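Visitor:
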Amino acid sequence: MDLSVIVPTFNEGPNIGELVRRIGAALDDAGPVSFEVIFVDDSTDDTPVIIQAVADTAPFPVRLVHRDDPVAGLGGAVVEGVRLAASRWCLIMDGDLQHPPEDIPRLLARAGHGDVDVVVASRYAAGGTSGGLADRTRVAVSRVSTLLTKSMFPRKLHGCSDPMTGFFLIDRDAVDLDQLHPRGFKILLEMLARRQLRIAEVPFAFADRFAGESKASFTQGIRFLTQLTMLRFGRMSAFALVGGVGAIANLVIMWGLIRLGMEYIVAAVIASELTIIGNFLLLEYLVFADMRAESGRMRWRFLKSFTFNNVEALARIPLMAVLVESAHLPSMLAAALTLVAAFAVRFVFHALVVYAPQRATVDAAVSAGVAPEVTASVAASVDDVEPVGRRLDS
Ligand SMILES: Nc1nc2c(ncn2[C@@H]2O[C@H](COP(=O)(O)OP(=O)(O)OP(=O)(O)O)[C@@H](O)[C@H]2O)c(=O)[nH]1
Ligand SMILES: [Mg+2]
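Per my numbering, residue 45 is the first one in the sequence shown, and the count goes up by one each step.
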């Protein structure tokens, strides 16, 4: 097998037939290439039935992997497809025909030179266009986020004008799949930022969606920003960002309640509790999203986090008093020291306790005889919560 084409799909039924037909035609024209198409499908509609029907009549192997319990969205689907691929060279493309299959032979030809690990189909290289982006806002968001991303990884992304594209050809042997933490849409970025890869680009014209609806959203945008922060500065910085947002929210709520005539102590307590709950939700859906699946029930995580934060708030004040009264530190310095210590303890507690992989899961896996992978993935996630000073690029 020379090539595995991997297509992540979420409710793309009306596009499947046309996509498979055009992939077949394009690769037929490219000479003798043996290839397969793998759909990694998270659909909630009849897309899998349509894929199966197309697969039954296609003159080349078309495989359907339907995930009943989708992990890590689009990025997770791509990684799953790459794992299952029969070929070492994997072409990733969207299922809505915004990535024209007719461009695949040019990507293959470039990889054929033998000097690169990944060939990126770029909207922003000379000769490429981004016409298929829905409107001016999407174009601007795409441009700005590309610039931001490139500035954060100047070396790793050198020579890549479009690290956010979902259309690329990659040598599976050049990436460490276990090291990836896919979340959301930007899986190429995840691959490029983790390890220095040799990149080539081929310009392409980003087309309009053939049929169906876009799954891009504001939430995906927020996920992307978290991904970027985590890749660049490690999990602790994303945690700090959430903490910072929480601190500001806390003050704003307290100010608002006082203006409504509330006693300042009561206002402070209400603001703190609301912030603790809000922070938990942000940690849950952004910072520790990739560790949720293995760490038991949400209500237990919430209970641990909520209790910890309240105990911490209660403990910090007396500790500060001790530093001022006994150690004679200036009160602002004492406050700052306790805040920094509280932050560090809070991070460690959340990373190692609240989001700890559940022992039961590991034990069950051990007795089921799948220990090596599970142990590896547990080790990887614990590894990842030690990002102090981690630098992925320089
Ligand atoms: N397996 C899987 N595929 C997904 C998921 N979300 C989106 N996709 C697929 O990923 C591809 C890209 O999604 P799109 O909705 O086209 O996103 P986009 O191209 O950024 O947005 P548009 O330009 O508006 O089309 C499509 O093939 C989707 O079906 C998901 O959660 N799981
Ligand atoms: Mg699309």
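All residues carry an ideal CB built from backbone N, CA and C; glycine is no exception.
The structure presented is a predicted model; accordingly, all values stated were derived computationally and were not measured.
Helix, strand or coil, according to DSSP, for residue 283 in the structure here?
Guide: helix
Visitor: Is residue 212 helix, strand or coil by DSSP?
Guide: In the structure shown, residue 212 adopts extended strand secondary structure according to DSSP, grouped into three states.
Visitor: Between the stretch 224-236 and the stretch 197-206, do three or more beta carbon pairs fall short of 8 Å?
Guide: yes
Visitor: Looking at ligand 2, does it come within less than 6 Å of residue 90, judged from the CB to the closest heavy atom?
Guide: Not under cutoff, so the answer is no.
Visitor: So the beta strand (DSSP E) residue 440 belongs to, where does it begin and stop?
Guide: Nothing about residue 440 can be read from this structure; the chain reaches only from 45 to 438.
Visitor: Whole angstroms is fine: what's the gap from residue 68's alpha carbon to residue 81's?
Guide: 9 Å
Visitor: Taking the continuous alpha helix (DSSP H) assigned at residue 93, which residues delimit it?
Guide: 91-101
Visitor: Tell me, to the nearest whole angstrom, how far the beta carbon of residue 49 is from that of residue 135; I am working on the premise that it is less than 8 Å.
Guide: 5 Å
Visitor: Note down the Cα distance separating residue 96 from residue 283, rounded to an integer number of angstroms.
Guide: Spanning the two alpha carbons is a distance of roughly 43 Å.
Visitor: With which residues is residue 162 paired in a DSSP beta bridge?
Guide: Answer is 214, 243.
Visitor: Suppose you measure from the CA of residue 57 to the CA of residue 306; what does that come to, to the nearest Å?
Guide: Spanning the two alpha carbons is a distance of roughly 55 Å.
Visitor: Starting from the Cα of residue 320, find the closest Cα among 301, 292, 341, 309 and give me that residue.
Guide: Nearest option by C-alpha distance: 292.
Visitor: Span of the beta strand (DSSP E) holding residue 80?
Guide: 79-85
Visitor: Taking the alpha carbon of residue 186 as the reference point, which residue from 76, 397, 210, 158 has its own alpha carbon closest?
Guide: 210
Visitor: Looking at residue 300 and ligand 1, is the gap between the Cβ and the nearest heavy atom below 6 Å?
Guide: no
Visitor: Helix, strand or coil for residue 135, going by three-state DSSP, please let me know.
Guide: DSSP places residue 135 in strand when its eight states are reduced to three.
Visitor: Rounded to a whole number of angstroms, what is the C-alpha to C-alpha distance between residue 270 and residue 78?
Guide: Rounded to the nearest angstrom, the gap between the Cα atoms of residue 270 and residue 78 is 39 Å.
Visitor: Measuring only the C-alpha atoms, how far is residue 275 from residue 172?
Guide: 27 Å
Visitor: Pick out the complete alpha helix (DSSP H) segments inside the stretch 285-356, 4 residues or longer, and give them in chain order.
Guide: 308-326
Visitor: Taking the alpha-carbon positions, what's the residue 165 to residue 288 distance?
Guide: 38 Å
Visitor: Under 6 Å from any heavy atom of ligand 1, does the C-beta of residue 348 make it?
Guide: In this structure, residue 348 has its CB at a distance of at least 6 Å from all heavy atoms of ligand 1.
Visitor: Would you list the one or two residues that DSSP bridges to residue 249?
Guide: 173
Visitor: Does the stretch 141-148 come within contact of the stretch 103-118, defined as at least 3 CB pairs closer than 8 Å?
Guide: no
Visitor: Along the chain, where does the beta strand (DSSP E) that runs through residue 48 open and close?
Guide: 47-53
Visitor: Which whole-angstrom value describes the C-beta separation of residue 125 and residue 183, a residue pair presumed to lie in contact below a C-beta threshold of 8 Å?
Guide: Residue 125 to residue 183, Cβ: 28 Å. No contact.
Visitor: Decide yes or no for the touch test of the stretch 299-314 against the stretch 254-270: beta carbon pairs closer than 8 Å, at least 3 of them.
Guide: no
Visitor: What did DSSP end up calling residue 17 once you bin it into helix, strand or coil?
Guide: Any property of residue 17 remains undetermined from this structure, which presents the chain solely from 45 to 438.
Visitor: Mind the definition here: the stretch 387-401 touches the stretch 332-342 only if three or more C-beta pairs lie below 8 Å; say whether that holds.
Guide: yes
Visitor: I'd like to know whether the C-beta of residue 71 is nearer than 7 Å to at least one C-beta of chain D.
Guide: Structure shown: chain D not included; a single protein chain is present.
Visitor: Applying the 10 Å Cβ sphere with the 16-neighbour rule, what's the burial state of residue 339?
Guide: By the 10 Å Cβ count, residue 339 comes out buried.
Visitor: For residue 47, count neighbouring C-beta atoms within 10 Å of its own C-beta (all shown protein chains included) and say buried if the count is 16 or more, exposed if not.
Guide: buried
Visitor: Consult DSSP for residue 234 and reduce its assignment to one of helix, strand or coil.
Guide: helix
Visitor: Buried or exposed, going by whether 16 or more other CB atoms sit within 10 Å of the CB of residue 72?
Guide: exposed
Visitor: Check whether the stretch 212-223 and the stretch 102-109 are in contact - that is, three or more C-beta pairs closer than 8 Å.
Guide: With the rule of 3 Cβ pairs closer than 8 Å, the stretch 212-223 does not count as touching the stretch 102-109.
Visitor: Can you determine whether any heavy atom of ligand 1 sits closer than 6 Å to the C-beta of residue 333, and answer yes or no?
Guide: no
Visitor: Looking only at its chain, what residues have a beta carbon closer than 6 Å to the beta carbon of residue 167, apart from the 5 residues adjacent to it on each side?
Guide: 174, 206, 250
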